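According to my numbering, the sequence shown is numbered sequentially starting from 46. Below: one structure, written as structure tokens.
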Amino acid sequence: MNPDITNASLIGIDWGTSSLRAYLLDHQGCILDVKNTDLGIMRVPEMNFDGVFTELLNPWFDQRELPVIASGMITSRNGWLETPYQPLPTNAEALANSLVPLTTKQGLTLHLMNGVTVEHEGAPDVIRGEETQIVGAIHTGITNGTFVMPGTHSKWVSGGDGSIQDFSTFMSGEVYEALSKHTILGALMSASTFAEKQFIEGVRHGYDAGSQLLHNLFHVRTRPLFGKIKEETVSDYLSGMLIGAEIRGATERTTAAEPLIIVGRNDLADRYEKALSAIGQASKRAEENIVALGHFAIATAAGLIR
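In structure tokens:
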């Protein structure tokens with residue numbers, strides 16, 4: 046059964062590498078309905094993004110045509126249409142002023158977000174999608190602080206005066222997957238429930254490792270060999286070590302302004318909250334669907350809400 050969309054004002058789309066989530070929002074930015082699919086951009090057959098969009102959202106459009114704003118990897122080189130990267134600082138108004146229109150085969154217009162870029166020591170860094178989450182958090186009143194965004198490529202984002210000021214990317218999630226699946230460290234790993242004690246131990250070891258991280262990573266293999274930790278806790282020990290090293294690196298690169306706000310899926314947010322607490326850093330959590338508020342804030346600034 047389709048929802049009554051009489052009070053709807055916007056469709057916000059968060060289309061990433063492995064999943065797509067569409068939000069139906071009212072005039073206050075409240076979520077009326079959500080549609081999910083695992084058809085992220087790398088899973089769309091023959092890159093038929095138009096077809097996926099139409100099939101997923103037609104139940105809403107059959108009732109009423111609404112403005113649509115989309116963010117995430119759908120705007121990347123591997124997505125539907127590549128949009129530019131814009132420099133920092135940026136905010137809802139600047140992102141709204143740079144929306145890129147895309148017309149579907151049905152004649153509907155999507156408003157695509159730009160990515161965001163910053164340069165450190167001659168090397169560019171980029172985000173696509175996370176900027177919308179930060180705008181959503183700012184929309185809730187969090188105008189200053191450091192946003193910790195766990196994921197395959199974790200982001201640490203500095204916010205100030207209601208704008209995104211700076212960010213750095215850490216490949217912790219992808220490194221964990223590579224080490225656990227394609228190196229000798231994964232040979233002793235077995236599935237288990239979350240081993241918090243060994244995870245926290247790994248966090249502390251990773252945080253303290255500094256320049257010795259590559260040496261200490263071999264302990265992920267030797268510890269279970271000599272009975273220092275059980276094999277079923279190895280994966281959490283490795284996870285903790287990489288997250289601990291990430292936290293050390295992030296806090297060394299820049300002074301992390303308080304408060305630290307964790308933005309992301311609840312399971313990953315739980316790990317980062319425990320890791321930060323273990324090294325004496327307080328943090329708080331943003332709403333899990335904060336990206337929808339980001340879509341709403343940017344669409345409002347762009348004059349799309351009618």
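Using N, Cα and C, we set each Cβ at its ideal position, and we do this for glycine too. If you're wondering where the values come from, they're calculated on a predicted model, not measured in any experiment.
* To do: Kindly indicate which three-state DSSP category PHE212 falls into: helix, strand or coil?
  => If DSSP states are grouped into helix, strand and coil, PHE212 belongs with the strands.
* To do: Would you mind stating whether GLY339 and ALA182 have Cβ atoms separated by less than 9 Å?
  => Against a cut-off of 9 Å, the Cβ pair of ALA182 and GLY339 comes out as a contact.
* Determine the direct distance from the alpha carbon of TRP201 to that of ALA168, and round the result to whole angstroms. => Answer to the nearest angstrom: the Cα atoms are 16 Å apart.
* Mind checking whether ILE50 and LEU77 have CB atoms under 9 Å apart? -> Yes, Cβ-Cβ distance for ILE50 and LEU77 is below 9 Å.
* To do: Can you say whether PRO195 is buried or exposed, counting buried as having 16 or more other CB atoms within 10 angstroms of its CB?
  => Residue burial annotation: PRO195 is buried, with at least 16 other C-beta atoms found within 10 angstroms of its C-beta.
* **Nearest residue (CA-CA) to ALA141, options ALA346, LEU126, TYR130** => Nearest C-alpha to ALA141: ALA346.
* Asked: Got a sec, what are the start and stop residues for the beta strand (DSSP E) GLU164 sits in?
  -> Segment 160–165, the beta strand (DSSP E) holding GLU164.
* Indicate whether LEU65 and LEU55 have their beta-carbon atoms separated by less than 9 Å. => No, the Cβ-Cβ distance between LEU65 and LEU55 is not below 9 Å.
* What is the DSSP secondary structure of ALA236, reduced to helix, strand or coil? -> Reduced to three states, the DSSP call for ALA236 is coil.
* Asked: Who are the near neighbours of MET87 in its chain, counting only those whose CB is closer than 6 Å to its CB and skipping five residues on each side?
  -> For MET87, where only same-chain residues beyond five positions count, the Cβ hits under 6 Å are THR62.
* To do: Would you identify the three-state DSSP class for ASP71, choosing helix, strand or coil?
  => ASP71 falls in the strand class under three-state DSSP.
* Pick out the complete beta strand (DSSP E) segments inside the stretch 77–132, 3 residues or longer, and give them in chain order. => Fully enclosed beta strand (DSSP E) runs of 3 or longer: 113–116, 130–132.
* Length at least 3, wholly inside the stretch 282–314: the beta strand (DSSP E) runs in chain order -> Correct list: 305–307.
* Could you tell me the boundaries of the beta strand (DSSP E) in which SER54 lies? => Taken as a continuous stretch (DSSP letters only), the beta strand (DSSP E) holding SER54 covers 53–60.
* Which one of ASP206, ARG109, TRP60, SER217 has the shortest CA to CA distance from ASN81? -> Answer by Cα proximity: TRP60.
* To do: Please report the Cβ distance between ARG310 and GLU318, rounded to the nearest whole angstrom; I am assuming they are in contact, meaning their Cβ atoms lie under 8 Å.
  => Not a contact, Cβ separation roughly 12 Å.
* Report yes if the CB atom of LEU157 is closer than 9 Å to the CB atom of THR120, and no otherwise. => Yes; because the gap between Cβ atoms is below 9 Å, this pair is in contact.
* Asked: Between the Cα of GLU303 and the Cα atoms of HIS227, GLU241, GLY204, GLY218, which residue gives the shortest distance?
  -> Ranking HIS227, GLU241, GLY204, GLY218 by CA distance to the CA of GLU303 puts GLY204 first.
* Asked: Using a Cβ-Cβ cut-off of 6 Å (strictly less than) and excluding sequence neighbours within five positions of ASP170, which residues of its own chain qualify?
  -> For ASP170, where only same-chain residues beyond five positions count, the Cβ hits under 6 Å are VAL163, THR214.
* Asked: How far does the beta strand (DSSP E) with ILE172 in it reach, from first residue to last?
  -> Boundaries of the beta strand (DSSP E) harbouring ILE172: 168–172, taken from the DSSP string.
* To do: Just the C-alpha distance for GLY348 and GLY186, rounded to the nearest angstrom, thanks.
  => GLY348 and GLY186 have their C-alpha atoms roughly 21 Å apart.
* DSSP state of SER256, grouped into three classes? -> Three-state DSSP puts SER256 in a helix.
* Asked: Would you report the Cα separation of ILE179 and ASP312, rounded to the nearest angstrom?
  -> Cα to Cα, ILE179 sits roughly 19 Å from ASP312.
* **Simplified DSSP assignment, three categories, for PHE341** => Judged by DSSP in its simplified three-state form, PHE341 adopts helix.
* To do: Pull up the distance between the alpha-carbon of ILE350 and that of THR135, whole angstroms please.
  => ILE350 and THR135 have their C-alpha atoms roughly 21 Å apart.
* **Buried versus exposed call for THR278 [16 or more other C-beta atoms within 10 Å across all chains shown]** => With 16 or more other Cβ atoms within 10 Å, it is buried.
* **Cβ-Cβ distance between SER237 and SER280 below 9 Å** => Result yes, Cβ atoms of SER237 and SER280 sit closer than 9 Å.
* Asked: In terms of DSSP beta bridges, what is PHE192 paired with?
  -> VAL202, ILE306, per the DSSP bridge assignment.
* Asked: LEU270 lies in the beta strand (DSSP E); which residues open and close that run?
  -> LEU270 -> not in any beta strand (DSSP E); alpha helix (DSSP H) instead, spanning 264–270.
* Kindly indicate which residue of VAL97, GLU297, GLY74, LEU144 has the alpha-carbon position closest to the one of ASP83. => In terms of CA proximity to ASP83, VAL97 leads the group VAL97, GLU297, GLY74, LEU144.
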